[in-house]
Amino acid sequence: MNNTFENKLGLVLPGGGARGAYQVGVLKAISEILPDSSKNPFPILSGTSVGAINIALLAAESDSFHNGVSKLTNIWGGFSSNAIYKTNPIMLFLNSLHWLLTFITAGIVVKNPKSLLNNNPLEKMLIDRVDFSQIQKNLDEHHIEAIAVTCASYNRKCTSTFFQSNHSNLTWKKSHREGKPMVINISHLMASVALPLIFPAKKIDHQYYGDGAMRQATPLSPAIRMGADKLLIITTNENHQNLNSEEEQIAHPSIAEIGGYMLDALFSDALYSDLERLDRINQIVNNNDSVVKTNKKKMKKIDYLVISPSKSINEIAKNSFHQMPLTMRLILRGLGVLNAKNFDLTSFLLFESLFTKELIDLGYKDGITLKSKILKLI
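Numbering (numbering that gives the first Met the number 0), first residue to last: 0 to 377.
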C-alpha cells in the first residue's frame, strides 16, 4: 500500500451501543464486493464508542481485511448481554439498591456509585479478541496509516482523540478538542465506550474519560486530520424521519423515552451537523477550483458516503426485547419501556445475538444495495 497521504479513504464509525452490529454487516458486504477482499481499503480508521471497538479490531487484523471482518461478524453474531456487562440478578439488584440508598441518604451512608452496570466482561473479552500489539506491526507494514479512538475527558471537559500512527506531525489542539499520539490499548476502548451513568469512566494518565460521543462536535475531523481525502461513514441512526409530520401527544414521555432520546442525540446530532459543515466547505472548494487556501491551511474537497439503516432498528429491538436478561427487562420495564413510543434505549443495550444478527443482516443488505456507490468511492 502507498504510504503517502494522497487519495486516502477514511472509515468513520460513530457510536451506538448494541447497534454497532449494523456497522459490521455493512463491512461484511464491503469485504465481499471488493475485487481484492484481503487488501484493507481503509488506511485511515476513526472510531467513537462502540465504533472504536470495531475499528480497533480492524486495525489489528488489517493485514487481511476479509479475516478482520469475519472475526467481527463472529464476535457480534455470538453476543449475549453477559459478555458485555454483569447480568447476575443479585449483582444488578444490589447495584440498583446502591443507587437508591445514595439518593435517599445523599451519599452520606454509602459512597456514590460509579455506574449502573459493570462492564468488566466486555473488557476481558476485548483483551482476548484484540491483539493490540499487531496494530503497530500493521502500521509499519503500511496496511493502515493511522487509527484514532475518541474519548471525552471529564476532568478537562474536552474531547480527546488518541491516535496511533508513524507520522509524528498529526497532533492538534483546538477549542475543547485535541489529538494526542498514543499506543492504543484496552483502556482507550473502555474509555470510549463508557456511556455516561451506564458504564464506569476509565482512568488514563491520571484523568478520567467517558464515551467519546460526549462533546464531540466534529466527529469527521480526526479522520480528515490524519490524512483522509474521502470518507465512508457508517452510522447506526436512521436518517429518514419525517420532520414535518404531526404526531398526537398522548402522554408525557417516559424515562425510557427520554433516555433513548438523549442517547440517540448523543450519537447522531453532531455527525449530521458536521456533514452539513463539510457540504458547505465542499461547495466553497467547488466554486474555487479544487483547493482553497486560508491563512492557516488549505481546504480541499472531501468526498464521502454515509450508510445508515434502511429499516427501523426500533422495531427490531422491540421484537428482540424478550431476549434480554430478566433483571434488565425488569429495570427497563420500570423505566417505562413497554409503554414507550420507541425502543431507542433498549436498542443501545440489547447485546443479544437475536438482535445483533438481524442488524448484521440489515447492514449487509444495505451494503449490497449501495454496491455501486461504495465501489465508486473506493
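Built from N, CA and C at the ideal position, the CB exists for glycine as well. In this text the structure is predicted, and so the values were computed from the model without any measurement.
Lys-375 classed as buried or exposed, judged by whether at least 16 other C-beta atoms fall within 10 angstroms: exposed
Coil, strand or helix - Ile-183 by DSSP: coil
Other residues of its chain near Lys-27: CB distance less than 6 Å, five sequence neighbours each side excluded: Val-68, Thr-72, Tyr-363
Bridge partners - Tyr-401, DSSP secondary structure assignment: For the chain, the structure presents residues 0 to 377; residue 401 sits outside this window and is missing.
Cutoff 6 Å; reference Lys-356; Cβ partners in own chain excluding five residues on either side: Gly-76
Start and end residues, beta strand (DSSP E) containing Val-148: 145-152
Among Gly-333, Glu-351, Thr-47, Leu-44, nearest to Met-323 - alpha-carbon criterion: Glu-351
Identity of the residues DSSP links to Phe-198 by a beta bridge: Paired residue(s): none; Phe-198 is not in a bridge.
The stretch 228-236 / the stretch 149-167 touching (three or more Cβ pairs under 8 Å): no
Alpha helix (DSSP H) segment containing Gln-322, residue limits: Note, Gln-322: premise wrong, no alpha helix (DSSP H); not H, not E.
Inter-stretch contact (C-beta, 8 Å, three-pair minimum) for the stretch 58-67 and the stretch 127-134: yes
Proximity winner among Lys-317, Leu-325, Lys-372, relative to Phe-347 (alpha-carbon distances): Lys-317
Backbone secondary structure at Thr-355 - three-state DSSP: helix
Residue nearest to Gly-258 in terms of C-alpha spacing, selected from Leu-194, Tyr-84, Ile-301, Ile-315: Leu-194
Chain-order list of residues whose beta-carbon lies under 6 Å from that of Tyr-303 (same chain, five-residue window excluded): Leu-230
Contact between the stretch 33-40 and the stretch 106-120 (3+ Cβ pairs under 8 Å): no
Where Asn-286 sits in the DSSP three-state scheme: strand
For Lys-370 and Ile-146, believed in contact at Cβ under 8 Å, the rounded distance: Actually they are not in contact, since the Cβ atoms of Ile-146 and Lys-370 sit about 26 Å apart, beyond 8 Å.
From Leu-8, Ala-51, Ile-43, Lys-7, residue whose alpha carbon lies closest to that of Gln-22: Ala-51
Same chain, Cβ closer than 6 Å to Thr-326, neighbours up to 5 away in sequence not counted: Pro-88, Leu-91
Nearest-angstrom Cα separation, counted from Tyr-84 out to Phe-198: 9 Å
Met-379 (DSSP reduced to helix, strand or coil): An answer regarding residue 379 cannot be provided, because it is not within the stretch 0 to 377 covered by the chain.
Per-residue burial, His-205 [other beta carbons within 10 Å of its own, 16 or more giving buried]: exposed
Secondary structure of Met-189, DSSP reduced to three states: helix
Proximal residues to Lys-179 (C-beta, below 8 Å), its chain only, five neighbours per side dropped: Ser-159, Thr-160, Phe-161, Phe-162, Thr-170
Between the CA atoms of Arg-18 and Asn-285 - distance to the nearest angstrom: 35 Å
Start-to-end residues for the beta strand (DSSP E) that takes in Ser-63: Premise fails: Ser-63 is in no beta strand (DSSP E) and is neither H nor E.
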